[in-house]
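Single-structure report; data block below.
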Amino acid sequence: MKITDIKVFVCCPGRNFVTIKIMTDEGVYGLGDATLNGRELAVVSYLEEHVIPCLIGKDAHQIEDIWQYLVKGAYWQNGAVSMAAIGAIDVALWDIKGKVAGLPVYQLLGGKSRKAVTVYAHVNGETIDDVLNNLEKAINEGYKVVRLQCTIPGAKGTYGTLGDKKNYYELQGNRPLPPEHGWSTTKYLNFIPELFKRAREKFGYDIELCHDVHSRLTPIEAAQLGKLLEPYRLKFIEDAVTYDNPEGYKIIREHTTSPLALGEKFNTIWDAKPLIENQYIDFVRTAATHGGGITPMKKLADFASLYHVRMAPHGAPDLSPICFMAHMHLDLWAPNFGVQEFIGFGTPELNEVFSFKAKLKDGDIYIEDISGLGVEFNEEAAKKYPYKRSYLPVTRLDDGTLWNW
Ligand code: GCO
Ligand code: MG
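Reminder that position 264 of the sequence shown reads as 1597 in the working numbering, one-by-one numbering, no gaps.
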């Protein structure tokens, strides 16, 4: 079965998405998500100029060989742009293989290990009272795991909260230049334990809670946070520190039993390797899109399982429903699945462009047994929402020093 053409679509139904469609001489096609938030067109150019010309005429069934060809064959291995492009090709090829086999992708991976995928919801607020009200709603909706983020009093923009924006905090599709946020580690560490203290006082310990630091702390500060939050028994603290120096996680580990999650920015298994084999983390958060596809995600899950590390794939709004469905199949299969990040089924514009069959019940997602990934992309509807250049914010300390957003 030969690849005859690969189309790339860029659209902005509320935010930018890069979608690919691989066509074959047997009429079967596959879909992949190549979205890299804030750098979308770099991936488009990587695909159109450097990947697609090499794939025309290749056998669409040879997923592993194509993956190796694109990764090793480029000589310049890894990197966010290239791995998002390769990830999209890989996911689309799994979609094709599932369609040809007449099986959902999870069957090709080894079958279901569970009946449904437990997700964690995002709960945010401008004050602790706001967060607690929203948490109550999430618990009443049946969520069993929830991520809590709260505006830090006096901070100029806090990651994971709404601020003065009406939309979901990361759904803005039009930020023609990066907005600037502020950060103070002192204010943050003074405030955040109170959020979890009050959440536990009000709702007890049955609801599982997590929190995203978004890489703002140094290792020893993260160790302090871990200790401060220990009484509230989080499911995990995410991205406490950037991942570039794995030894930083050793420092955190030496001081606290708060579980740690990391990996949404990993673009290769090699990024995860030292963190997993040294047992520095408990959950690995790589996404099929940014991590190079389903092929490496399967290897990552198997490797992580040797060290009791569980999968908690990234599920932010900048991953399209194609990536979401790829995760559903991985999550249903992976014996060491932990929890899936979930921000809801999307806006009406998004659902006009992408359609997929998934249902949420009591904090678990069920998918239908459709062959392939089970997601569709409406090319005509996508044309209504042209690309808009848009950036993630940047963060500065009070004195102007640039910090991790
Ligand atoms: C998360 C992430 C995202 C990222 C986003 C960047 O845990 O969901 O941190 O919210 O900020 O994917 O593009
Ligand atoms: Mg995160």
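Beta carbons are placed, not taken as given, at the ideal position from N, Cα and C, and that holds for glycine.
Computed from a predicted model, the values in this text were never measured in an experiment.
- Query: Is Gly1559 helix, strand or coil by DSSP?
  - Reply: helix
- Is Arg1618 near the ligand MG, going by C-beta to nearest heavy atom under 8 Å? yes
- Item | Where the alpha helix (DSSP H) through Asp1664 begins and ends | 1654-1666
- Could you tell me whether the region 1380-1394 touches the region 1585-1602, where touching means 3 or more Cβ pairs closer than 8 Å? no
- Task: Put Pro1579 into one of helix, strand or coil per three-state DSSP.
- Result: coil
- Query: Just to confirm, does Leu1693 get its C-beta within under 8 Å of one of the non-hydrogen atoms of the ligand GCO?
  - Reply: no
- Message: Just list the residues that DSSP pairs Leu1595 with in beta bridges.
- Response: For Leu1595, which the question treats as bridged, DSSP gives the partners Val1617.
- Report yes if the C-beta of Glu1571 is less than 8 Å from at least one heavy atom of the ligand GCO; otherwise report no. yes
- Three-state secondary structure (DSSP) at Ala1645? coil
- Secondary structure of Ile1336, DSSP reduced to three states: strand
- Message: Going by DSSP in three states, His1544 sits in which element: helix, strand or coil?
- Response: strand
- Item | the ligand MG heavy atom lying under 8 Å from the CB of Ala1621 | no
- Message: For a test of your reading of the model: does the CB of Ala1375 fall under 8 Å from any non-hydrogen atom of the ligand MG? Yes or no.
- Response: no
- Excluding the five sequence neighbours on either side, which residues of its own chain have a C-beta within less than 7 Å of the C-beta of Ile1485, listed in chain order? Thr1491, Lys1520, Tyr1521, Phe1524
- Item | Assumed close pair Gly1671, His1660 - CB separation to whole angstroms, cut-off 8 Å | Actually they do not touch by this definition, with Cβ atoms about 12 Å apart.
- Message: Do Leu1542 and Thr1532 have their beta-carbon atoms positioned less than 9 Å apart in this structure?
- Response: The question names Thr, but residue 1532 is Ala in the sequence shown. Annotated as proximal: Ala1532 and Leu1542, with beta-carbon spacing under 9 Å.
- Message: Does the structure place the region 1639-1654 close enough to the region 1614-1628 that three or more beta carbon pairs sit under 8 Å?
- Response: Touching, yes, given that three or more Cβ pairs across the two stretches are closer than 8 Å.
- Examine the ligand MG and report whether any of its heavy atoms sits within less than 8 Å of the Cβ of His1547. yes
- Query: How about Ile1676 and Lys1690: do their beta carbons lie closer than 9 Å?
  - Reply: no
- Does DSSP classify Tyr1362 as helix, strand or coil? strand
- Going by other Cβ atoms of all chains shown within 10 Å of its Cβ, with 16 needed for buried, is Gly1679 buried or exposed? Under this definition Gly1679 is a buried residue.
- Query: Beta carbon of Ala1649: closer than 8 Å to some heavy atom of the ligand MG?
  - Reply: Yes, Cβ of Ala1649 sits closer than 8 Å to a heavy atom of the ligand MG.
- Message: What does the alpha-carbon distance come out to for the pair Lys1432 and Pro1592?
- Response: 39 Å
- Message: Assuming Lys1407 is part of the beta strand (DSSP E), what are its boundary residues?
- Response: Reading off the sequence shown, one finds Ala at residue 1407, where the question assumed Lys. Note, Ala1407: premise wrong, no beta strand (DSSP E); not H, not E.
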